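S.K.: Quick one: the structure is below, questions incoming.
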Amino acid sequence: MKALSIKDLSVNYGKNKVLKNINLDINDKHFLGIIGPNGGGKSTLLKVIAGLIEYKNGEVKIYNNSPNKVNDVIGYVPQASEFDRSFPINVEEVILTGSLSSKLVIFKKYNNQDLKKSKSIMKKLDIFNLKERQIGQLSGGQLQKVLIARALMTKPKILLLDEPTASIDASSTTQIYDLLEELNNNMTIIVVTHNMEAVSSYFDSIACLNKTLYHHKDEKQLDSETVKSVYGCPVDLVAHGMPHRVLNKHGGE
Numbered sequence: 055m056k057a058l059s060i061k062d063l064s065v066n067y068g069k070n071k072v073l074k075n076i077n078l079d080i081n082d083k084h085f086l087g088i089i090g091p092n093g094g095g096k097s098t099l100l101k102v103i104a105g106l107i108e109y110k111n112g113e114v115k116i117y118n119n120s121p122n123k124v125n126d127v128i129g130y131v132p133q134a135s136e137f138d139r140s141f142p143i144n145v146e147e148v149i150l151t152g153s154l155s156s157k158l159v160i161f162k163k164y165n166n167q168d169l170k171k172s173k174s175i176m177k178k179l180d181i182f183n184l185k186e187r188q189i190g191q192l193s194g195g196q197l198q199k200v201l202i203a204r205a206l207m208t209k210p211k212i213l214l215l216d217e218p219t220a221s222i223d224a225s226s227t228t229q230i231y232d233l234l235e236e237l238n239n240n241m242t243i244i245v246v247t248h249n250m251e252a253v254s255s256y257f258d259s260i261a262c263l264n265k266t267l268y269h270h271k272d273e274k275q276l277d278s279e280t281v282k283s284v285y286g287c288p289v290d291l292v293a294h295g296m297p298h299r300v301l302n303k304h305g306g307e
């Protein structure tokens with residue numbers, strides 16, 4: 055079953071083309087990593103899939119429906135830097151906001167089911183002991199788990215994450231990806247990342263995006279010509295402190 059199908063998608067910001075003729079098919083419970091340079095359209099693509107950005111050209115289907123008709127099956131985790139850590143709210147309250155409907159409800163009260171669900175998710179993500187802590191007091195890794203927990207409140211079938219390990223230490227990065235690997239048993243996961251270590255360790259396949267998308271179906275290796283097209287130069291990956299080439303050798307070597 056296809057979890058996601060994108061055909062000939064293009065997105066413009068004014069006269070600036072951000073995404074150009076994107077085509078992508080992802081099966082249910084697939085783990086996709088999207089890499090590419092800054093400004094290449096990676097965050098925009100996630101927001102289109104999440105139904106946060108409208109598009110005029112092309113087609114996006116989530117389990118054979120348009121994104122704005124399946125809000126409850128998509129969990130979206132934005133970059134942690136977009137979250138206002140000075141806002142006076144604690145961990146449990148942040149997570150509970152994930153149960154809010156897309157329709158605005160004034161002074162909504164959370165019911166017992168919401169509270170039980172948030173408690174269960176906090177325990178699963180090992181953050182229950184933080185439930186009363188103010189978000190401004192969290193480490194980067196702790197905040198990322200809280201944002202993932204919030205996205206899980208709707209029991210999504212697709213989880214979208216934008217740079218989930220940016221600005222967190224190596225130990226927290228491993229914890230986050232180990233968690234995502236476990237969650238992948240029950241849902242499709244799409245991650246935008248600059249963390250090249252994760253490319254060969256966790257993902258089922260890789261997509262390279264710089265306005266145009268190159269998807270390497272069912273494989274983790276990237277050919278040097280594709281990476282040159284995306285980054286403008288050959289790239290070697292380094293994993294866990296050891297050189298680990300996942301690209302073909304550069305010409306002249």
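According to this note's numbering, the stretch in the sequence shown is residues 55 to 307, in order. Where is the CB? At the ideal position from N, CA and C, for every residue including glycine. Predicted model, so just to flag it, every value in this text is computed and none were measured.
For Lys-209, name the three-state secondary structure that DSSP assigns.
M.R.: Here residue 209 is taken as the residue at index 155 of the sequence shown, counted from 1. Lys-209 falls in the coil class under three-state DSSP.
S.K.: Can you have a look at Gln-198 and say buried or exposed, based on whether 16 or more other CB atoms are within 10 angstroms of its CB?
M.R.: Working through the sequence shown from its first residue, we reach residue 198 at position 144. Buried: at least 16 other Cβ atoms inside 10 Å.
S.K.: So for Tyr-67, helix, strand or coil by DSSP?
M.R.: By one-based count along the sequence shown, residue 67 stands at place 13. Strand, per DSSP.
S.K.: What number of angstroms, rounded off, separates the C-alpha of Leu-179 from the C-alpha of Gly-68?
M.R.: Translated into positions along the sequence shown, residue 179 becomes position 125. Translated into positions along the sequence shown, residue 68 becomes position 14. C-alpha separation (whole angstroms): 41 angstroms.
S.K.: To the nearest angstrom, how far is it from the Cα of Thr-98 to the Cα of Gly-90?
M.R.: By 1-based counting over the sequence shown, the position of residue 98 is 44. By 1-based counting over the sequence shown, the position of residue 90 is 36. Roughly 13 angstroms separates the two Cα atoms.
S.K.: So what does Ile-80 bridge to, in DSSP terms?
M.R.: Stepping through the sequence shown from its first residue, residue 80 is reached at position 26. Answer by DSSP bridge pairing, in chain order: Leu-58.
S.K.: Short check: CB of Met-207 to CB of Ser-153, under 7 angstroms?
M.R.: Position 153 of the sequence shown, counted from the start, is the residue given in the question as residue 207. Position 99 of the sequence shown, counted from the start, is the residue given in the question as residue 153. Going by C-beta atoms, Met-207 is nearer than 7 angstroms to Ser-153.
S.K.: Pick out whichever of Val-72, Cys-262, Phe-85 has its Cα sitting closest to the Cα of Leu-214.
M.R.: By one-based count along the sequence shown, residue 214 stands at place 160. It is Phe-85.
S.K.: For Thr-151, count neighbouring Cβ atoms within 10 angstroms of its own Cβ and tell me buried if that reaches 16, exposed if not.
M.R.: Within the sequence shown, the letter at position 97 stands for residue 151. Thr-151 comes out exposed.
S.K.: Please report how far the alpha carbon of Ile-103 lies from the alpha carbon of Asp-232, in whole angstroms.
M.R.: For the purposes of this step, residue 103 is taken as the residue at position 49 of the sequence shown. For the purposes of this step, residue 232 is taken as the residue at position 178 of the sequence shown. So the alpha carbons of these two residues sit roughly 24 angstroms apart.
S.K.: Do Gly-95 and Leu-78 have their beta-carbon atoms positioned less than 7 angstroms apart in this structure?
M.R.: By 1-based counting over the sequence shown, the position of residue 78 is 24. By 1-based counting over the sequence shown, the position of residue 95 is 41. Contact flag unset, no.
S.K.: Quick check: what's the CA-CA separation for Arg-139 versus Val-127?
M.R.: To locate residue 139, count along the sequence shown from 1; it is residue 85. To locate residue 127, count along the sequence shown from 1; it is residue 73. Taking the straight line from one Cα to the other gives about 27 angstroms.
S.K.: What three-state label does DSSP hand Ser-174 in the structure shown?
M.R.: For the purposes of this step, residue 174 is taken as the residue at position 120 of the sequence shown. Helix at Ser-174.
S.K.: How about Lys-83 and Thr-242: are their beta carbons less than 7 angstroms apart?
M.R.: Locating residue 83 in the sequence shown gives position 29, where the first residue counts as 1. Locating residue 242 in the sequence shown gives position 188, where the first residue counts as 1. In contact: Lys-83 and Thr-242 (Cβ atoms closer than 7 angstroms).
S.K.: Helix or strand or just coil, what does DSSP make of Glu-147?
M.R.: To locate residue 147, count along the sequence shown from 1; it is residue 93. Looking at Glu-147 - three-state DSSP - the assignment turns out to be helix.
S.K.: Starting from the C-beta of Lys-211, find all residues in its chain whose C-beta is less than 6 angstroms away, skip the five residues before and the five after it, and write them out in chain order.
M.R.: Here the question's residue 211 lines up with position 157 in the sequence shown. Within the same chain, Lys-211 has close Cβ partners Val-127, Met-241.
S.K.: Based on Cα-Cα distance, which residue from Leu-201, Glu-108, Lys-173, Ser-193 lies nearest to Ser-221?
M.R.: By one-based count along the sequence shown, residue 221 stands at place 167. Closest by alpha carbon: Ser-193.
S.K.: Does Ser-259 have its Cβ less than 7 angstroms from a Cβ in chain D?
M.R.: No chain D is part of this structure, which consists of one protein chain only.
S.K.: Taking the C-alpha atoms as reference points, what is the distance between Leu-58 and Ile-80?
M.R.: In the sequence shown, residue 58 corresponds to position 4, counting from 1. In the sequence shown, residue 80 corresponds to position 26, counting from 1. Distance between the alpha carbons of Leu-58 and Ile-80 is about 5 angstroms.
S.K.: Cutting at 7 angstroms between CB atoms, please list the residues of its own chain near Phe-257, excluding the five before and the five after it.
M.R.: The residue labelled residue 257 in the question sits at position 203 within the sequence shown. If we look at Phe-257 and ignore the five residues flanking it on each side, its Cβ neighbours are Phe-85, Leu-86, Gly-87, Lys-274.
S.K.: Looking at the strands, I want to know which residues DSSP matches up with Gly-129.
M.R.: Working through the sequence shown from its first residue, we reach residue 129 at position 75. Answer is Leu-213, bridged to Gly-129.
S.K.: Looking at the strands, I want to know which residues DSSP matches up with Asn-119.
M.R.: Within the sequence shown, numbered from 1, the residue matching residue 119 stands at position 65. Asn-119 is bridged to Ile-116.
S.K.: If we count the other Cβ atoms within 10 Å of its Cβ and call it buried at 16 or more, is Asn-118 buried or exposed?
M.R.: Stepping through the sequence shown from its first residue, residue 118 is reached at position 64. Burial call: exposed.
S.K.: Have a look at Lys-61 and Lys-110 and give me their C-alpha separation to the nearest angstrom.
M.R.: Numbered from 1 along the sequence shown, position 7 holds the residue referred to as residue 61. Numbered from 1 along the sequence shown, position 56 holds the residue referred to as residue 110. Distance between the alpha carbons of Lys-61 and Lys-110: 12 angstroms.
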